[in-house]
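Okay, structure first, notes after.
In my numbering, the protein residues as written are 105 to 213.
Below, the structure is given as structure tokens:
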């Protein structure tokens, strides 16, 4: 069966047929792809909530000193922005905003 979601980036799935007229449709998930999409979305949101818990814990520990450290504030903006995109605007690309947290690797060096 075909699920009515477009593939990210327009990847081709040549065996799929359009549910409307039966012609080949290259932009729909298969059932197994839809299952993977749901599970990966859950994993992505779980990681995002772990980052949110970390920022919340740092805020509770440092209170006003939290805002003196620009790296903590940057974490707050990135995680808050990702959660806002995901839940308030229902944008499925919200967790991708959290990829900005990868700057932490550069902070170590």
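Built from N, CA and C at the ideal position, the CB exists for glycine as well.
Just so you know, these numbers come straight off a predicted model, no measurement behind them.
Collapsed DSSP secondary structure at residue i in the structure displayed
i	result
residue 195	coil
Span separating the alpha-carbon of residue i from that of residue j
i	j	result
residue 194	residue 179	21 Å
residue 177	residue 205	12 Å
residue 147	residue 167	30 Å
residue 137	residue 175	37 Å
residue 201	residue 154	15 Å
residue 135	residue 191	25 Å
residue 173	residue 158	15 Å
residue 165	residue 203	25 Å
Minimum C-alpha distance to residue i - residue among the options
i	options	result
residue 181	156, 161, 139, 143	156
residue 188	142, 149, 139	149
residue 184	160, 141, 140	160
Inter-residue CB distance, residue i and residue j (contact presumed, cutoff 8 Å)
i	j	result
residue 152	residue 186	6 Å
residue 170	residue 162	6 Å
Contact with chain B by residue i, beta-carbon distance below 9 Å
i	result
residue 140	The structure shown contains no chain B, having only a single protein chain.
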